[in-house]
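**Student:** Have a look at this one.
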Amino acid sequence: MKVLKEWDVKVKLVRTKRGAILHMIELEPGHFYLEQNPLKDSKYGVAYRKIKEHFPEFYMFWEIKNNRYSGKLLAGAFLEKQEIDDFITLLAQSEDFKKFEEILEEIEELEEE
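Going from the sequence shown to this note's numbering is simple: count from 1 and add 8.
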């Protein structure tokens, strides 16, 4: 692998005005991703709570640029091997992917420029 671009990213734990403790991924001043507040009684707050009941290591982050939501969402989960198929089946609403062979790519050495 060859490094094409590099960012200094900061991961912070923040407390909102309402007292929610959330993760923040800061890319640069004024540009960050803020975790969905699971305590918020909103469309995405309720959905986030329900997803986290089944997948506690699932995270949703909203992109914020210049103090405005961009409308983009970063979502992902830290899963154990045995949880991956259940998670993918839930998202894909299909088990067709299980018909294919499991192939793990060889990890290449990292080349710094």
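Virtual Cβ for every residue (Gly too), placed ideally from N, Cα, C.
(1) Let me know the beta strand (DSSP E) ranges lying completely inside the region 26–87, each 3 residues or longer, listed in chain order.
(2) At a cut-off of 7 Å, would you count Lys20 as near the ligand ZN, judging by its Cβ distance to the nearest heavy atom?
(3) The beta strand (DSSP E) that contains Leu21, what's its start and end?
(4) Keeping to the same chain, check which residues put their C-beta closer than 7 Å to that of Leu30; ignore five residues upstream and five downstream.
(5) Are the Cβ atoms of Glu34 and Lys20 separated by less than 8 Å?
**Tutor:** For this structure:
(1) 29–36, 39–43, 66–73 and 76–85
(2) Inclusion of the ligand ZN in the displayed structure is not the case, the ligand content being empty and no account of it being possible.
(3) Your numbering for residue 21 matches position 13 in the sequence shown. Where Leu21 is concerned, the enclosing beta strand (DSSP E) stretches over Lys18 to Arg23.
(4) For the purposes of this step, residue 30 is taken as the residue at position 22 of the sequence shown. Excluding sequence neighbours, Leu30 sits near Val22, Thr24, Leu42, Glu43 and Asn45.
(5) The residue given as residue 34 occupies position 26 in the sequence shown. The residue given as residue 20 occupies position 12 in the sequence shown. It is a contact, given that the beta carbons lie within the stated cut-off.
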